[in-house]
Every structure is written in C-alpha cells, then in structure tokens.
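The structure appears below as structure tokens.
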Amino acid sequence: MFFTRVGQSKAPQRSVLLGLSLVVPSLFLSACMSSPEKDINLSTYVDQTEPADVLYNQGLANMNAGRLDEASKKFDAVDRQHPYSEWARKSMVMGAFADYRKGSYDDAISSAKRYLALYPSTEDAPYAQYIIGLSYYRQIKDVTQDQKEARQTLQTMQDLVTRWPTSEYVDDAKEKIRFANDQLAGKEMQIGRYYLERREYIAAVKRFRTVVESYSNTRHVEEALARLTESYYALGLTSEAQTAAAVLGTNYPDSPWYKDSYKLLQSNGLAPRENAGSWISKAGKLITGA
C-alpha cells in the first residue's frame, strides 16, 4: 500500500530502443577498431545506460508483482547509474521498503537511515523513518528475551510522531509505541517476578515501581500494583502495601489482583488505605486504567 503512492512517475518516459539504435552501432565499431580481441558485453552496456525513470517504474512493477529481489536490483541500479537524481532519491527509499518486505531488516534500516542522512527534509523522510521503525518492530522478541528492538521501535516511532506529527504514518506509529511500551513493561514484570519468587523483595520492588512510573498506560500496571502490595507487605512496610492496594482498587475495582491484595492485607487485620505522600499515590494519578 506504500509503494503505490510513492511510485507515481511524473517524468516523461524515454525509449530505450531509440537510444540504443543511435548509440550502440558507433560504440560497437569503435570498440572493434581499437580492441578487436575484446568482446563487448552488450547486456551490461544496456543496463548502464537505461533511463532512470524506466528503471524506477520497472522496480515498481516488480514490487507490485511480488518479485522483490528484482525490484531491489532495479532500485539499486537507479541509485548506482543516476546518482543524486530525483529518481535516485525515490529509488533509495523504495529500495529500503523492498528490503523490509523481503525481511532483510538490517538492510532496510541501513538504506532508510542513509536516505534520512541525505534527504532529511523531503516529503518521503517520514516514510523512511517509518520503515526503520517497522524493521525494528518486526524483530521484537518475547519478554523472556532482550528487548533491544522494542526500545529501538519506541525511540524511532516516537521520533516520527514528534518530527512529523501530521504524517499519515503517525496513527500506526502510535500503535507500535503502545506495543513497544507493553513489551518493555512485560520485561520488567518478568524480572520482578523472578526476584519476588526468590524473596529478593527490594530488587522486585524496583522493577514493579518502574512499571507503575514509566509504563502507567500498559496492561501490566494492574499486576505491578498487586506485586508491590505483596513485596511491601513481605518487607513489613505496611503503609506502602496499603497504599499500593488502595491505588489498585481505585483504578481497577473489579480486578482479581485487587481481590488478592485485599485478602492479603485483611489476613493481618489491615485494609487498603492510601498515603498521599507515597510515590505510589503520586504515580497512581497517571494511571489510565489501560
């Protein structure tokens, strides 16, 4: 859906056959007279002299037909044979998209970054940024593994939203930002549970606190507050445990996590009670109930 818009050719088409009929015979004669022992690779010569607009539109045709390797070759040929032209500029970003479609994400990122370095203010700059973000997004792993790509997705898509707020890619970029945030919060929860199971409560609190403060609009906040209740209760910090449970109940009154937290406090004659001076209370005001 992306390459149809970008690929609208506005330059006049030129005839490849006409150009060859005028140039090839004289070149062939000259080559024969000067170096009779060498053969000329006419296919290479044709490739080297094909008009930029023809190559570009051939690339688009291959893209539409799903021949992504061929499309990449055509776009690369434009950039190589007609450097610094308008067609080379367009081919650079389309080549990046072809790499993305092929799953060659590192190549796509490299090409799109090169485009942004050379043409940061063109109409296709947000598109190049979007390709980079998508390439990182497609490589995000599950939360049991390192979340480097999630962080890169978040940064790249946030830059897109900030630099080009009216771009047609902004809505999807925001969706990818939400997903990346959820992944990063999920990673923090996984590590926090690991520490909690081993009764390393202070280390667990640090992870759950990060979720509440930094990822307040993700689905993990609900559990994070319950885990904070559990961790603080185990540390004997009952006021913090009561506050965590109170904030949980305010934002998620029907949550099974709140019921568990309430039951835990009640087992020692306590009840959820918010301490307005606690960091949990302050952070709770940012929770969206996602």
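Oh and the sequence shown: position 253 is 253 in full-length UniProt numbering, straight run, nothing missing.
Just so it is clear, CB atoms sit at the ideal spot from N, CA and C, and this is done for glycine as well.
Please read all numbers here as calculations on a predicted model, not as lab measurements.
| Item | Value |
| --- | --- |
| Whole-angstrom distance between threonine 153 and leucine 22, CA atom to CA atom | The predicted model places leucine 22 with a pLDDT of 35, which falls under 50 and marks its position as unreliable; any figure quoted below should be read in that light. Taking the straight line from one Cα to the other gives about 51 Å. |
| Closest residue to isoleucine 131 among Val170, Lys141, Leu228, Gln147 (Cα-Cα distance) | Val170 |
| Three CB pairs or more closer than 8 Å across the segment 139-157 and the segment 174-188 | yes |
| Minimum C-alpha distance to arginine 193 - residue among Pro165, Ala226, Tyr105, Arg219 | Ala226 |
| Alanine 276, DSSP secondary structure in three states | coil |
| Alpha helix (DSSP H) segment containing asparagine 64, residue limits | 52-64 |
| Runs of alpha helix (DSSP H) lying entirely within the segment 115-183, each at least 4 residues, in chain order | 125-137, 148-163 |
| Close Cβ partners of valine 143 (< 7 Å) along its chain, the five nearest in sequence each way excluded | Gln183, Gly186, Lys187, Gln190 |
| Limits of the unbroken alpha helix (DSSP H) element including arginine 209 | 201-214 |
| Spatial neighbours of lysine 113 in its chain, beta-carbon cut-off 7 Å, leaving aside the 5 residues before and after | Ile132 |
| Collapsed DSSP secondary structure at arginine 89 in the structure displayed | helix |
| Endpoints, alpha helix (DSSP H) assigned at arginine 227 | 221-235 |
| The alpha helix (DSSP H) enclosing leucine 265, as first and last residue numbers | 256-266 |
| Under the three-state DSSP convention, the category isoleucine 109 falls into | helix |
| Test item: CB-CB of serine 216 and threonine 243 under 8 Å | no |
| Neighbourhood of tyrosine 56 by C-beta, 6 Å cutoff - its chain only, sequence neighbours within 5 removed | Val78, Trp87, Ser91 |
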